Amino acid sequence: MKSTSLGDLAQSFMLQRRSVALRQDLNRLNDELSSGKVSDVRQVLAGNHNYLTGLERSLEVLEGYSVANTEAAYLTATMQESLARVQDTGSALGIDLLLASGGSVGVNSGNPSENARAQLDSIISALNDDVAGRSLFAGTATNDAPLPDGETLIGLVRAVVAGQPTPEDAMTAAANWFADPAGFDALAYSGSNTALAPFSLSDTERVSLDVRANDDAIKDLLLNVTVAALGDDAALGFDVKDQAELFGLTGIGLQSNQDRITSLRANIGFVEERIELISARNEAEETSMTFARNSLLAADPFETATELESVQFHLQSLYSVTVRSSQLRLVNFL
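Numbering-wise, the UniProt record's numbering puts 236 at position 236 of the sequence shown, and it's gapless, one number per residue.
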């Protein structure tokens, strides 16, 4: 029987090679044990990466939708807050105007017209709100504020109602101007008549939101506040009695318009609810896919720990053999 032996140099190379391989396995197993993921993905997938690629692509898409959901939620929440300010201001002003219509104007109720002018500025400021430079109520014209300042709007309406003989006539002239496409929409509203494009919140879900500053409910509110601001204006020339009547008409108009503003806010609230539901579904889907990906690439901690212990034992044994081999001498053998 023949015996095969290795020379000293060959044996040294073999021990070095084995040592390097064991250290590489040791590093790999340490990484897998600490990260919980396998190092050699190709071996786990047997070369078939289609499933993993599909999962990772879906997770990237869901991450993009998450950003869109966050943006849509913030936009609608800000719109809701702005309309809440508009509604609260209009409601409070309506009550003040009704009180002024039943008393001595300018004595018990302050100056209703001056109050209306101040509240008009507040309402316009709310309707000109923007998010990161993007106007909320201007349709697709997101770079522009949809409404002019209060003095400009008052000036436009003043030219329409000047010289009207009675408060009813002044209200009718102002209402016609706000309803005329060549009036408010052309001269005061600088936004777009096109609604914002729907928000894409998932592969199958789209959410549309169309609330603009030239909505009929908002125009009706602006009509009553602006006319009330002109109550004591010299262009109308109304006496105290006519002013009180005008304040009564605008106060009733503001109060009766509350339901229409509430309807606008309800539409936004419905969109907010849909955004929340879609976001919850996307998060659940993302969690499920993340779990599937992690399960596919997860390293069994018990198996990894056992293999790590075995590699450590073999490495220690190799070191022991190397040390003993290095101590071999012919003198010792003889």
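All C-beta atoms in this analysis are idealised placements derived from N, C-alpha and C, irrespective of residue type, glycine included.
Just so we're clear, the structure is a prediction, and the values are computed from it rather than from any experiment.
query	result
Residues in its own chain within less than 6 Å of residue 124 by CB, not counting five upstream and five downstream?	147 and 150
Check residue 238 in the structure and name its three-state DSSP category.	coil
Suppose you measure from the CA of residue 131 to the CA of residue 68; what does that come to, to the nearest Å?	14 Å
Report yes if the C-beta distance between residue 212 and residue 192 is below 9 Å; otherwise report no.	yes
Note down the Cα distance separating residue 184 from residue 89, rounded to an integer number of angstroms.	21 Å
Could you please give me the residues that DSSP links to residue 361 through a beta bridge?	The chain is shown only over 1 to 334; residue 361 falls outside these bounds and no answer can be derived.
What separation, rounded to the nearest whole angstrom, lies between the Cα atoms of residue 95 and residue 60?	53 Å
With a threshold of 6 Å on Cβ separation, who are the neighbours of residue 316 within its own chain once the five nearest residues in sequence on each side are excluded?	none
Measure the beta-carbon distance from residue 222 to residue 175 and round it to whole angstroms, keeping in mind my assumption that it falls under 8 Å.	About 11 Å; that fails the 8 Å criterion.
Let me make sure I understand the geometry here. Which of 209, 152, 290 and 74 has the alpha-carbon closest to that of residue 187?	152
What first and last residue would you give for the alpha helix (DSSP H) that runs through residue 167?	167-179
Evaluate residue 17 with the Cβ neighbour count: other Cβ atoms within 10 Å of its Cβ, from every protein chain shown; 16 or more gives buried, anything less gives exposed.	exposed
With 9 Å set as the bound, which would you pick, yes or no: does the beta-carbon of residue 202 sit closer than that to a beta-carbon of chain C?	Included in the structure is just one protein chain, with no chain C present.
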